[in-house]
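Undergrad:
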Amino acid sequence: MSYQVLARKWRPQTFADVVGQEHVLTALANGLSLGRIHHAYLFSGTRGVGKTSIARLLAKGLNCETGITATPCGVCDNCREIEQGRFVDLIEIDAASRTKVEDTRDLLDNVQYAPARGRFQSLSHRRSAYAVASQL
1 MSYQVLARKW RPQTFADVVG QEHVLTALAN GLSLGRIHHA YLFSGTRGVG
51 KTSIARLLAK GLNCETGITA TPCGVCDNCR EIEQGRFVDL IEIDAASRTK
101 VEDTRDLLDN VQYAPARGRF QSLSHRRSAY AVASQL
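The sequence shown begins at 1 in the working numbering and counts up one residue at a time.
1) Between which two residues does the alpha helix (DSSP H) harbouring Asp-77 extend?
2) Check whether the segment 77–91 touches the segment 22–30, counting contact only when three or more Cβ pairs, one atom from each stretch, lie closer than 8 Å.
3) Please go through the same chain and pick out, in chain order, the residues whose beta-carbon is closer than 7 Å to the beta-carbon of Gly-61, but skip the five residues on each side of it.
4) What did DSSP end up calling Asp-94 once you bin it into helix, strand or coil?
5) How many Å lie between Arg-11 and Val-49 at the Cα?
6) As a quick exercise: from Arg-119, Ser-2, Val-5, pick the residue whose alpha carbon is nearest that of Thr-66.
7) With a CB to CB cut of under 7 Å and the five nearest residues on each side skipped, what residues in its chain are close to Ala-102?
8) Please list the terminal residues of the continuous alpha helix (DSSP H) segment that includes Thr-52.
9) For Val-18 and Ser-53, which I take to be in contact (beta-carbon distance under 8 Å), what is that distance rounded to the nearest angstrom?
10) Using a 10 Å radius around the Cβ and a threshold of 16 neighbouring Cβ atoms, would you call Val-5 buried or exposed?
11) To the nearest angstrom, report how far apart Gly-74 and Cys-64 are at their CA atoms.
12) For Arg-56, count the other beta carbons within 10 Å of its own beta carbon; 16 or more makes it buried, fewer makes it exposed. Which is it?
13) Would Lys-100 be called buried (16 or more neighbouring beta carbons within 10 Å of its own) or exposed?
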């Protein structure tokens, strides 16, 4: 088996697996269960608090083949591809290294299209995206 960073190996696969952030998890789970989903979510915080993990769980809940749910199945193609980081409608950007204006413009050009496989398109900025946004 190939080496995997511990943070990725033990990344939560369900909302119940997340330690801490109860207020965030409750709000997201209620929104998914009741079908009251906002057009955008912004997760912020220091390194290691679970921003990317929670964003991926939200993406799984929105795009699971069983329907929009707070408890994604984890076995359908969409859930597995999101876990593996290769879901076509989930865009993860390392904003620390992609700081050029052209990078942001390319991103804005791509997000205008409808999702290819999922019901929703998810965008996850890893690390600080403020420098990128300030260049627009």
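Beta carbons: idealized from backbone N, C-alpha and C, even for Gly. As the structure is a computational prediction, the values presented were derived from the model and not from experiment.
TA: Concretely, from the data shown:
1) As a working mapping, residue 77 is identified with position 77 in the sequence shown. Asp-77 -> alpha helix (DSSP H) spans 77–84.
2) no
3) Within the sequence shown, numbered from 1, the residue matching residue 61 stands at position 61. If we look at Gly-61 and ignore the five residues flanking it on each side, its Cβ neighbours are Leu-32, Ile-68, Thr-69, Ala-70, Pro-72.
4) For the purposes of this step, residue 94 is taken as residue 94 along the sequence shown, with counting starting at 1. Three-state result, Asp-94: strand.
5) Position 11 of the sequence shown, counted from the first residue, corresponds to residue 11. Position 49 of the sequence shown, counted from the first residue, corresponds to residue 49. Those two C-alpha atoms are separated by around 12 Å.
6) Counted from its first residue, the sequence shown places residue 66 at position 66. For Thr-66, the nearest C-alpha among the options comes from Arg-119.
7) Within the sequence shown, residue 102 is the residue found at index 102, counting from 1. It is Glu, not Ala, that sits at residue 102 in the sequence shown. Within the same chain, Glu-102 has no close Cβ partners at all.
8) Stepping through the sequence shown from its first residue, residue 52 is reached at position 52. Unbroken alpha helix (DSSP H) run through Thr-52: 51–63.
9) Your numbering for residue 18 matches position 18 in the sequence shown. Your numbering for residue 53 matches position 53 in the sequence shown. About 7 Å separates the two Cβ atoms, so the contact holds.
10) Working through the sequence shown from its first residue, we reach residue 5 at position 5. Answer is exposed; the Cβ neighbour count stays below 16.
11) Locating residue 74 in the sequence shown gives position 74, where the first residue counts as 1. Locating residue 64 in the sequence shown gives position 64, where the first residue counts as 1. C-alpha separation (whole angstroms): 8 Å.
12) Here the question's residue 56 lines up with position 56 in the sequence shown. When all chains shown are included, Arg-56 counts as buried.
13) Counting from one through the sequence shown, the residue named residue 100 turns up at place 100. Lys-100 should be labelled exposed.
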